[in-house]
Every structure is written in C-alpha cells, then in structure tokens.
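*Asks:* Quick one: the structure is below, questions incoming.
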Amino acid sequence: MSRPVTAAMLPGLFEPFSTEPGRDQRIGVEVEHGLVDPGTGQSVPYLGPRGARAVLMALHAHFGGELGFDGEHVVGVTLPTGATFSLETGCALEYASAPSSHLDEVVASTRAHLECASAIAGELGVAVLSGASIPFTPADRIPWLPKPRVQVMRDYFSNLGEAGAYGDAVMGITLSTQTSLDYTSEADMFRKLRMLVGAAPVAAALFVASPLEGGHESGWLSRRMEYWRRFDPRRCGVLDFALKDGASTADLIDWALDLPMIYREIDGRHVAAPAMPFRHAIAASFGDRTWPTSADWALHLNQVWPHVRARRTLEVRSLDGLPWPYFSAAPALWTGLAYDDDARGKATDLLSGFTADELDRAASDVAVRGLEASVSKTPVTVLVRELLRYARIGLATSPLQRFLDPLEEVLETGTTFAERILKNWHGPCRRRPDRYVDSYRIPV
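Note that the working numbering has the sequence shown beginning at 35, numbered continuously upward.
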C-alpha cells in the first residue's frame, strides 16, 4: 500500500527535472478532433464498425505500437515514436506528439500522423473533424466513452448546479489545441507561468473558432470558451496567484489544496471522491480510514483545468482548436513567447498591469466579440499585435515564423476564424452538416 502523502511531500511533483536527457525547452502539442459521421456531422459511437474503437484498432494495425486500456476497453494507442492517439470523454480523438526541442519536427510529425489517421478513419466511413467544437452533436446524444470516471465526472458537474451547467458540453463536444512547455527550476516555472497566465485569455482572440451550436449560429465567436466558464470555475480560468510578484510553488499548492478531488483510483477503478478539500483529507483522511497518497495528489492535479495548468510541464489550454491545417499556430505562438528571454520579458511587461478579474472578464468578452474585445480599457487588438511581434522575435528563424502567418492574417484583416466559418456556413455550406464536414475535416 502506498504511504500517505504529507504536506512536505507535495512540492515534489513540481521539482525541476533538468537531469532528464533532453529536458530543455521541449515542446509538446495535443490536438483534438471530432470523429464524426460525414453526412450528419454527429459524433460516432464508441462501438461498431464505424465507431471510435474501430478507428483506434485500425490506427494500431497501421502504426503498430501498444494499445491502451481502461479495464477491458481500448482507449488509446501509443505509437513507436512515443506519440499517442487517445479518446476523449465524448469519443473525440486526441493526438499528443512526442516532446521535441524542435518546433518544426513537432509540427511535421503531428501533421503526418493526423493526415494518415484521417485516411484510415475515412476508410471506415468516419471523418476527422478539425475546429473547436463538434457543432452537430446534441448534448443528449454525446457518445460517452465507457470509462467509469466519465460518469463520475458527469455526476460531479451536474451536482454543482449552475457552476457545472456546461459539464457535458465541455466533456463531449469541445476541441482545442494544447501546448506543453518545459521549466527547469521554480524561478523559471513562475517566470513562464506569469507571462502565460496573462497572455492566455488575450491571445485567445486570435483563435476564436466555435460559433455554431446544435447546427445553428450560437451568438458567440467561441462557444467553447463560454462553455468553460460553467465547468466548475474554481478549478478553471485565470490563476490569480501567478500574477503576483514572488509567486511560488507554495501558492500553487495552496490553491489546489482548497479544491476537492472529483475521483480517486481504488483497486484500479476510478470512483467518486469525498466532497472535501484535499487539505482536509491530508489532515483527517478521506473519512473511510484511507489517506491521500502521492498518486492521489498527482491525480488531483489532473482534475484542474485553468488556462495554464502546471504539473511536470506548463500546459497552455485556453485556445480554440483551429480549422485544418492551422494547428501549428498555437505551439508556435507559445514557443516564441515562452522560450526566449527577451520575448517573454516584453510580453510580461505588456500584460503586467492587468488584474486576474480583468483578464477573466476579458475571456468572457473575447468569447463573444473576438478581436473587438478589450482588457479593461485596452483593445485586444493592441495587445495581440504586440504579442505576435514578440513571438516572432522569440522564434528568431524565418522558417519557424511562418507558422504565425495565419494569425497575422486574422489580425490584419480583422476577420476571425469564427467569422470565416459563419460566412462559409451561411454561404457555400448552405447550412448543411455534410458540407460543413467536407470543409473542415482533415482531407483524405
């Protein structure tokens, strides 16, 4: 049996791992796509010849590697390269690259693997849909992955009332591109975290790409961002402590200790956790004669979803997924801003005057108005123009800077991806799901 965790042990997960070979400014990217019926645009089920499980099995047959299981259910494939395909809670497909210190390698391998996956899925009659949401799957027809923790999470968010009102939507139909970045010390971690927390809701204006809901115009340019505002806000959004001078691992731990776990793992199975802050469980047990372990603490940190999540890496989660093939803009932006001292310092200075409340309100404004939004009294366009300039400085070499070109086009034209999607939806797509899928699936 694992020994109980103590308060003194909690910082261990955040200790630098600079002795690991190659751990220095690596980049990892996770890109989510819908697995949908090409005709209806609705998510395919887990089981069946045209289901998500069949797609995973076909990927395994093509690439080799190792299948991942949850109980008896196939839920992922680890490729020989170290990259993975896995299923999200609503049977969307997530691709996670192997970490690399070379952005161009990350982008090239991600593109190649996803194009191959799309061709394989296409042979089964399944489309791999890019973007930030699966806009034709009704909330009551989400094909839930048969993992025990999925129902535990759904019950948890349902019991929160308004604070968890969009639990099913976030878990079942949203898509994003997430970027993971290294840190090599506590000081390095919080230099990067401060900048990223400030930049995350601002930069999101360049990426808004989810204007549809249930096959209709939603009124938001990023319905995904709005969904996240009612997904237990205590564990999401802006990390206010990260914006303060002298922020440290102790502040991060203190924030996480005030939150309850959603689920625990007991005898290899995820079950609902007691409704108590983690710090209470450390002090007085879970109430069933069991005490939190280091594994519980690590699992607890997987159950928080702020704009920037700090674990063994810094994971930036705020951005809508973009239409294919523009996913590379996300890791390029964050790599350029985080890994160059000059760029990071300039971005930090640019954003240092904004409070957590102002950034939180800006995220809500961005979800509705995109580039027309503001942070306090500062137009978002003023800020993102500078962030893009700093990111280009950080990337330094022109071959890498090209990944930012789609964002420059958004800024210069003033037309977001969401607005382009709406124009296409009401025009060439004629508001037909099959035409939408043809427009935004990864080509086969």
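Beta carbons are placed, not taken as given, at the ideal position from N, Cα and C, and that holds for glycine.
(1) Figure out for me which residue from Trp331, Phe320, Thr369 and Ser135 has the closest Cα to the Cα of Leu421.
(2) Where in the region 337-374 do unbroken runs of the beta strand (DSSP E), each at least 3 residues long, occur, reported from the N-terminal end onward?
(3) At what residues does the alpha helix (DSSP H) containing Gln435 begin and finish?
(4) In three-state DSSP terms, what is Ser52?
(5) Check whether the region 168-184 and the region 262-270 touch, using three or more Cβ-Cβ pairs below 8 Å as the test.
(6) Using 8 Å as the threshold, is the C-beta distance between Val162 and Leu121 below it?
(7) Per DSSP, Ile61 is paired with what?
(8) Which partner residues of Gly68 appear in the DSSP bridge assignment?
(9) What is the DSSP secondary structure of Glu220, counted as helix, strand or coil?
(10) Quick test of your reading: Ser352 and Pro235, contact by CB under 8 Å. State the CB separation rounded to the nearest angstrom.
(11) Please go through the region 87-149 and give each complete beta strand (DSSP E) segment of 3 or more residues, from N-terminal end onward.
(12) Compare the C-alpha of Val109 against each of Met91, Gly98 and Gly116 and name the closest.
(13) Looking at the unbroken beta strand (DSSP E) that takes in Arg303, where does it start and where does it end?
(14) Where do the ends of the alpha helix (DSSP H) carrying Arg258 lie?
(15) To the nearest angstrom, how far is the alpha carbon of Arg175 from that of Ser192?
(16) Counting only the same chain and skipping the five closest in sequence on each side, list residues whose C-beta sits under 6 Å from that of Pro326.
(17) Which stretch, first to last residue, makes up the alpha helix (DSSP H) that contains Tyr424?
(18) Where does Ile300 land, buried or exposed, given buried means 16+ other C-beta within 10 angstroms?
(19) Look up Ser328 in the DSSP assignment and say whether it is helix, strand or coil.
(20) Just the Cα atoms here: how many angstroms apart are Thr53 and Phe361?
(21) Pull up the DSSP beta-bridge partners for Ile300, would you.
(22) May I have the straight-line CA-CA distance separating Leu47 from Arg346, to the nearest angstrom?
(23) Closest to Ala366 by C-alpha separation, out of Ser432, Asp376, Gln185 and His304, would be which residue?
(24) Assign Gly271 to one of three DSSP states: helix, strand, or coil.
(25) Starting from Thr40 and walking both ways along the alpha helix (DSSP H), at which residues does that stretch end?
(26) Tell me which residues share the same chain as Ser244 and place their Cβ nearer than 6 Å to its Cβ, disregarding the 5 neighbours each side in the sequence.
(27) Report the residue from Leu209, Val111, Leu277 and Phe437 whose alpha carbon sits nearest the alpha carbon of Arg87.
(28) Just verifying my parser: in three-state terms, what is the DSSP assignment at Arg465?
(29) Closest to Arg343 by CA distance: which of Val272, Ser319 and Arg323 is it?
(30) For the alpha helix (DSSP H) containing Met187, list its first residue and its last residue.
(31) Who are Leu246's beta bridge partners in DSSP?
(32) Out of Asp104, Glu157, Tyr424 and Glu49, point me to the one whose CA is closest to Asp383's CA.
(33) Measure how close the beta-carbons of Val78 and Pro177 come, nearest whole angstrom, since I'm counting them as under 8 Å.
(34) With distances taken from CA atoms, which of Asp58, Ser164 and Ala364 is nearest Glu66?
(35) Return helix, strand or coil for Arg84, following the three-state DSSP convention.
*Replies:* In short, the structure shows the following:
(1) Nearest C-alpha to Leu421: Thr369.
(2) Assignment of beta strand (DSSP E) within the region 337-374, counting only whole runs of 3 or more residues, yields 342-344 and 348-350 in chain order.
(3) First-last of the alpha helix (DSSP H) with Gln435: Ser432 to Gln435.
(4) A caution first: Ser52 carries a pLDDT of 48, below 50, which makes its placement in the model too unreliable to give a value.
(5) Verdict: no, contact absent.
(6) Using a Cβ distance threshold of 8 Å, Val162 and Leu121 do not count as a contacting pair.
(7) Residue pairing by DSSP places Ile61 opposite Ser134 and Leu215 in a beta bridge.
(8) Looking at the DSSP output, Gly68 sits in a beta bridge with Leu163.
(9) In the structure shown, Glu220 sits in a helix (DSSP, three-state: H, G or I).
(10) Contact flag correct, Cβ pair sits at about 6 Å.
(11) Fully enclosed beta strand (DSSP E) runs of 3 or longer: 100-104, 107-112, 118-121 and 127-130.
(12) Nearest in C-alpha terms to Val109, of all of Met91, Gly98 and Gly116, is Met91.
(13) Arg303 to Ala306 is the extent of the beta strand (DSSP E) around Arg303.
(14) In the DSSP assignment, Arg258 falls within the unbroken alpha helix (DSSP H) covering Arg257 to Trp262.
(15) Rounded to the nearest angstrom, the two C-alpha atoms are 17 Å apart.
(16) Excluding positions up to five away in sequence, the list reads Val39, Ala315 and Ile316.
(17) Run containing Tyr424: Val414 to Leu429, per the alpha helix (DSSP H) assignment.
(18) Ile300 comes out exposed.
(19) In the structure shown, Ser328 sits in a helix (DSSP, three-state: H, G or I).
(20) With a pLDDT of 49 at Thr53, under the threshold of 50, the modelled position of that residue is not reliable, and the figure given next carries that caveat. Distance between the alpha carbons of Thr53 and Phe361: 31 Å.
(21) Beta-bridge partners assigned by DSSP to Ile300: Arg303.
(22) In this structure, the CA atom of Leu47 is about 6 Å from the CA atom of Arg346.
(23) Comparing Cα positions, the closest option is Ser432.
(24) If DSSP states are grouped into helix, strand and coil, Gly271 belongs with the strands.
(25) Under the DSSP assignment, Thr40 falls outside any alpha helix (DSSP H); it carries neither an H nor an E label.
(26) Result list for Ser244: Ala166, Ser167, Ser256, Arg257, Arg258 and Asp354, in chain order.
(27) For the residues Leu209, Val111, Leu277 and Phe437, the minimum Cα distance to Arg87 belongs to Val111.
(28) Note: Arg465 maps to coil in three-state DSSP.
(29) Of Val272, Ser319 and Arg323, the residue nearest in Cα terms is Val272.
(30) For Met187, the uninterrupted alpha helix (DSSP H) segment begins and ends at Pro182 to Asn193.
(31) Looking at the DSSP assignment, Leu246 forms a beta bridge with Glu251.
(32) The residue with the shortest Cα to Cα distance from Asp383 is Tyr424.
(33) 7 Å between Cβ atoms; contact.
(34) The option with the nearest alpha carbon to Glu66 is Ser164.
(35) Secondary structure of Arg84 (DSSP, three-state): coil.
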